[in-house]
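Beneath this line is the structure, given in structure tokens, with notes to follow.
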Amino acid sequence: VTWTITPASPGASALEIQNLNLSAPSTVDRFDAGSGVGQFVESADLLRAGGPLPAPPTVKQHLVLAFFYPWYDLSTWSSPQLIDGPVVPYSTDDPVDLQRLMSTAASVGLDALVMSWSGPDVNGGIDDLRMLRCLDAASATGFKMATLLETTSANPQHVDGTADPDTVLAWLIDIVDDYASHPAYLRAGGRPVVFAYNAQRMSQAGWTDVLARLRARGRDVLLVGEGINSTRLGAVD
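As structure tokens, this is what we get:
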């Protein structure tokens, strides 16, 4: 825990830290900043001792991921609707551009890109082509890709609305069968990773049913539910 003391008026400043978890307040640390700004660091265990919260488990592995929207070619960067653009314009139709993009992502600490994906048949199968292109580019650069399933259009009409469980199931089967065996597809604990955008567009019962049917067919995913409603957490991983 880092503490910063900034005097509000002239004079010496000090900060006393107490642990209130015990039967009586216990001073665990004291910092004297004198008349200037002071910054001090202490172990959080001093504040956790005796409290209801156990020590956090050690994280054995963590991944740094970023959502990736593969909608852009060289003609799109001049659109007046964009408020920003890449330093070097790229096209997601160009394998060389994709390899450069992924090398850049890896160089700043990313482990994988999570690509927006709306099923294998939408808009002439464009997302399927884009994912295959991205997987090949990732493989060439030692990078990884995962899928961001666009739950909002996972229905027979492929329109913005409520997700249909049968469509979601079919899409997850496609992801596992078409991409998960690729060496560049992201796995965690041996399971292919899939994010579900706006997961609240389908009920928790719907997610539970879909994942049960998926696994009954001999397929499995590590599903991360993304969105604004935590009630789906009982179904997803």
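One gets my numbering by counting positions in the sequence shown from 1 and adding 379 to each. Glycine included, each C-beta is placed from N, C-alpha and C at the ideal position.
Exercise for review: Out of Asp424, Gly415, Pro474 and Pro571, state which residue places its alpha-carbon closest to the alpha-carbon of Asn398.
Suggested key: For this step, residue 398 is matched to residue 19 along the sequence shown. Closest option to Asn398, Cα to Cα, is Asp424.
Check your understanding: Given a threshold of 16 other Cβ atoms within 10 Å of its Cβ, counted over all protein chains shown, does Arg594 qualify as buried or as exposed?
Key -> In the sequence shown, residue 594 corresponds to position 215, counting from 1. With fewer than 16 Cβ atoms within 10 Å of its Cβ, Arg594 is classed as exposed.
Check your understanding: Within 10 angstroms of its Cβ, does Pro449 collect 16 or more other Cβ (buried), or is it exposed?
Key -> For this step, residue 449 is matched to residue 70 along the sequence shown. It is buried - the Cβ of Pro449 has at least 16 other Cβ atoms within 10 Å.
Review point. Nearest CA to the CA of Ala387: which residue from Val380, Ser518, Gly606 and Gly415?
Key: The residue given as residue 387 occupies position 8 in the sequence shown. Of the listed residues, the one whose Cα sits closest to Ala387 is Gly415.
Review point. Mapping DSSP to helix, strand and coil, what is Leu511?
Key: Taking the first residue of the sequence shown as position 1, residue 511 is located at position 132. If DSSP states are grouped into helix, strand and coil, Leu511 belongs with the helices.
Review point. Any idea if Ser497 is buried or exposed, counting beta-carbon neighbours within 10 angstroms, 16 or more meaning buried?
Key: In the sequence shown, residue 497 corresponds to position 118, counting from 1. When all chains shown are included, Ser497 counts as buried.
Check your understanding: Taking DSSP as the reference, what is the three-state secondary structure of Pro459?
Key -> Mapped onto the sequence shown, residue 459 falls at position 80. Coil.
Review point. Is Pro571 buried or exposed, if buried means 16 or more other CB atoms sit within 10 Å of its CB?
Key: By 1-based counting over the sequence shown, the position of residue 571 is 192. Buried is the call here.
Check your understanding: Looking at C-alpha atoms only, which residue of Gly613, Asp506, Gly568 and Asp556 is the closest neighbour of Phe447?
Key -> As a working mapping, residue 447 is identified with position 68 in the sequence shown. Looking at the Cα atoms, Asp506 is the closest of the given residues.
Review point. Are there 16 or more other CB atoms within 10 angstroms of the CB of Arg596, so buried, or fewer, so exposed?
Key: Counting from one through the sequence shown, the residue named residue 596 turns up at place 217. Result: exposed.
Check your understanding: If you compare alpha carbons, which of Asp616, Val443 and Leu477 is closest to Asp452?
Key -> The residue given as residue 452 occupies position 73 in the sequence shown. Ranking Asp616, Val443 and Leu477 by Cα distance to Asp452 puts Leu477 first.
Review point. Gly569: which of Ala559, Asn577 and Ala491 sits nearest, CA to CA?
Key: Locating residue 569 in the sequence shown gives position 190, counting from the first residue. Measuring from the Cα of Gly569, the nearest candidate turns out to be Ala559.
Exercise for review: Please go through the same chain and pick out, in chain order, the residues whose beta-carbon is closer than 8 Å to the beta-carbon of Thr520, but skip the five residues on each side of it.
Suggested key: What you label residue 520 is simply residue 141 of the sequence shown in a count that begins at 1. Correct list, in chain order: Gln478, Met481, Ser482 and Ala485.
Point to revise | Proximity to Ala621 [Cα-Cα], best of Leu514, Arg512 and Val589 | key: Within the shown structure, residues of the chain are numbered from 380 to 616, placing residue 621 beyond reach of any answer.
Check your understanding: Which two residues bound the contiguous beta strand (DSSP E) that contains Gln583?
Key -> As a position in the sequence shown, residue 583 is number 204, starting the count at 1. Note, Gln583: premise wrong, no beta strand (DSSP E); alpha helix (DSSP H) at Gln583 to Ala595.
Review point. Is the CB-CB distance between Val573 and Leu511 below 8 Å?
Key: Residue numbering aside, residue 573 sits at position 194 when the sequence shown is read from its first letter. Residue numbering aside, residue 511 sits at position 132 when the sequence shown is read from its first letter. No; because the gap between Cβ atoms is not below 8 Å, this pair is not in contact.
Exercise for review: May I ask you to report which of helix, strand or coil DSSP gives Gly417?
Suggested key: Position 38 of the sequence shown, counted from the start, is the residue given in the question as residue 417. Strand, per DSSP.
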